[in-house]
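Here the sequence shown stands for residues 1 to 93, where the numbers follow UniProt numbering.
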Amino acid sequence: MNSSTLSQKEQDIFALILESWPTSAVEIAEHFGEDLSSRESKKKASTKYSYYLQKLVEKHLLMSKRVGNALIVWPVRAEKLRTIHNILENEVQ
């Protein structure tokens, strides 16, 4: 995926996830200084960043899993490394 096809916000979020994963929309909102002081503001921030996360999942840059109400994401490249590790581990046995 060419980074030029990502908006600046998507690039910023993706860079953060590459540095620190797995992560959630609320953790990303906290990193970007969103107001999380009330339940309502936390829900609004979560919805906002979940939108961007879902776009990155659709572009095959992130993997995701729902845990309760939280959307947890991690880079596809991390999943690929995990798969390679499992294959190599099985060959050794």
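Just so you know, even glycine gets a beta-carbon here, dropped at the ideal spot from N, CA and C.
With respect to the alpha helix (DSSP H) encompassing residue i, which residues constitute its N-terminal and C-terminal limits?
i	result
residue 65	Premise fails: residue 65 lies in the beta strand (DSSP E), 62-67, not in any alpha helix (DSSP H).
Hey, could you find the ends of the beta strand (DSSP E) residue i is sitting in?
i	result
residue 6	Note, residue 6: premise wrong, no beta strand (DSSP E); not H, not E.
Using a Cβ-Cβ cutoff of less than 7 Å, which residues in the same chain neighbour residue i once the five nearest sequence positions on both sides are dropped?
i	result
residue 41	35
residue 31	16
residue 110	Only positions 1 to 93 of the chain appear in this structure, which leaves residue 110 out of reach.
Counting only the same chain and skipping the five closest in sequence on each side, list residues whose C-beta sits under 8 Å from that of residue i.
i	result
residue 26	36, 42, 45, 46, 49, 70
residue 21	73, 74, 75, 78
residue 23	16, 17, 72, 73, 74
residue 53	13, 25, 28, 62, 64, 71, 73
List the residues that DSSP assigns as beta-bridge partners of residue i.
i	result
residue 73	23, 64
Handout entry: Secondary structure, beta strand (DSSP E): runs of 3+ residues fully inside the region 13-71
Key = 62-67
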